[in-house]
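These notes are about the structure you will find just below.
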């Protein structure tokens, strides 16, 4: 049975702030700014100044509906993931409001947020399994939205700077493109409290994250009976350039195979990253029918995800 991505909707703020202008707000030293811009390859950060995370999500769904022919009644499940803590007024249910607004009246809904920035690959895996095991189900709508509401929290120590974005992904039976072949999810809970962890624990996470990504990708390819030469493109999260360059060297995969163009002008937009990069890969014709590609994600603490697709 073919199950794949039928459509993608995105919302990225037009507002971009040069990293130099954020240096004071983020309490960056001259050395940290230099590393982020010249080594990690960050230039601008997408910052939403008007919409809240829910409104960003609605904009992404509207973008999905605008560019794809979708029957709302076909959506049987809505899955939402996020990294930043979400807040809503007492007794407010944003997903219920979204179901009513867009006519997803047949859909169950649930939120999954324990895998941090590896949540997107987990939801792709969950969607695939749910559709395989529900004969009458037709589509799953995956949603993600993150907005940093405390500006000086945007800086991820020695790693990246957080941007704001939202995505809506429709996974359907019978999709003629972007077919999901397999996913692999792994959790190696090195730390629990993120950057608030003990310095030695956080340092260990930074040093071991590449190993976790490599082990997870190798496991996926082995289980699917693939090797890296079979993969046209690797579409990762916007962590930073050195991480993907180092992983490429270890795996003997040229850095040109790693496609993350939105890093420099968006920043690290959490679970939206691989979808924003995939969206651009499709529009820029970086992948063609018959090509195989992989999304590759990692979440702070030690969560890892990857999904193999056939274009």
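Numbering (my numbering), first residue to last: 24 to 334. Even for Gly, the Cβ is constructed at its ideal location relative to N, Cα and C.
A Cβ-Cβ distance of about 12 Å is found for the pair residue 169 and residue 36, leaving them out of contact under the 8 Å criterion. Residue 304 and residue 259 have their C-alpha atoms spaced approximately 12 Å apart. Comparing alpha-carbon positions, the option among 277, 38, 250, 99 lying closest to residue 154 turns out to be 99. For residue 86 and residue 34, the gap between their C-alpha atoms comes out near 8 Å.
Residue 106 has its alpha-carbon roughly 7 Å from the corresponding atom of residue 293. Judged by their CB atoms, residue 133 and residue 102 are nearer to each other than the 8 Å cut-off. Taking the Cβ atoms as the reference, residue 137 lies roughly 13 Å from residue 327, outside the contact range of under 8 Å. Per DSSP, residue 302 lies in no beta strand (DSSP E); the unbroken alpha helix (DSSP H) holding it starts and ends at 296 to 306. In this structure residue 64 is not in contact with residue 288, their Cβ atoms being roughly 11 Å apart against a cut-off of 8 Å. Taking the Cα positions, residue 127 is about 19 Å away from residue 149. The criterion of a C-beta distance shorter than 8 Å is satisfied by residue 228 and residue 324. Spanning the alpha carbons of residue 330 and residue 44 requires a straight line of approximately 36 Å. Comparing C-alpha distances from residue 266 to each of 182, 243, 118 shows the shortest one belongs to 182. Among the bridge pairs identified by DSSP, residue 72 is matched with none. The beta-bridge partner set that DSSP reports for residue 67 consists of 41.
Residue 54 counts as exposed, since fewer than 16 other beta carbons sit within 10 angstroms of its beta carbon. The alpha-carbon of residue 311 is positioned some 30 Å away from that of residue 67. Selection 254, 261, 70, 263 evaluated against residue 275 yields 254 as nearest (Cα-Cα). When the five nearest sequence neighbours on each side are left out, the beta carbons in the same chain lying within less than 8 Å of the beta carbon of residue 298 are those of 31, 33, 143, 167, 190, 192, in order along the chain. Taking residue 76 as the centre and dropping the five residues before and after it, the same chain places the C-beta of 168, 170 closer than 6 Å to its C-beta, in chain order. When DSSP reads this structure, residue 291 sits in a beta bridge with 185.
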